[in-house]
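Okay, structure first, notes after.
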Amino acid sequence: MALDQACVDLCQKAEPIRNSQLGDRMASAHFHDHGDVWHNSNPNVSWRETLEHAEKIGVGTREYELVVMK
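Residue numbers for the sequence shown follow this note's numbering, beginning at 15 and rising by one.
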């Protein structure tokens with residue numbers, strides 16, 4: 015769960031790739047930023063609810079400490 019949450023967090027901070035589904039949507043004249051890369055890419059994605067439910071039923075915890083290695 016913590017790894018899933020860390021991956022989501024890092025993807026939220028990443029620059030979208032040109033010519034990707036998200037990149038193409040963002041280049042559209044009708045693009046509306048929802049503040050969430052997953053929702054911007056596909057409005058039918060409910061990653062937050064999935065992780066919240068998994069944590070609630072005891073799969074694990076979404077808490078983590080990111081350690082940057084140099």
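By construction, the Cβ of each residue, glycine as well, lies at the ideal position given by its N, Cα and C atoms.
Spatial neighbours of residue i in its chain, beta-carbon cut-off 8 Å, leaving aside the 5 residues before and after
{"i": "Met1", "result": "Since the first residue of the chain shown is 15 and the last is 84, residue 1 is not available in this structure."}
{"i": "Leu36", "result": "Pro30, Val51, Asn54, Ser55"}
DSSP-derived helix/strand/coil call for residue i
{"i": "Asn56", "result": "coil"}
{"i": "Thr64", "result": "helix"}
{"i": "Glu69", "result": "helix"}
{"i": "Lys27", "result": "helix"}
{"i": "Leu17", "result": "helix"}
Same chain only: Cβ atoms within 6 Å of residue i, ignoring 5 sequence neighbours per side
{"i": "Val59", "result": "Trp52"}
Beta-carbon proximity list for residue i, same chain, < 7 Å, skipping 5 on both sides
{"i": "Trp61", "result": "Val22, Trp52"}
Residue from the options with nearest C-alpha to residue i
{"i": "Cys25", "options": "Ala43, Asn33, Gly49", "result": "Gly49"}
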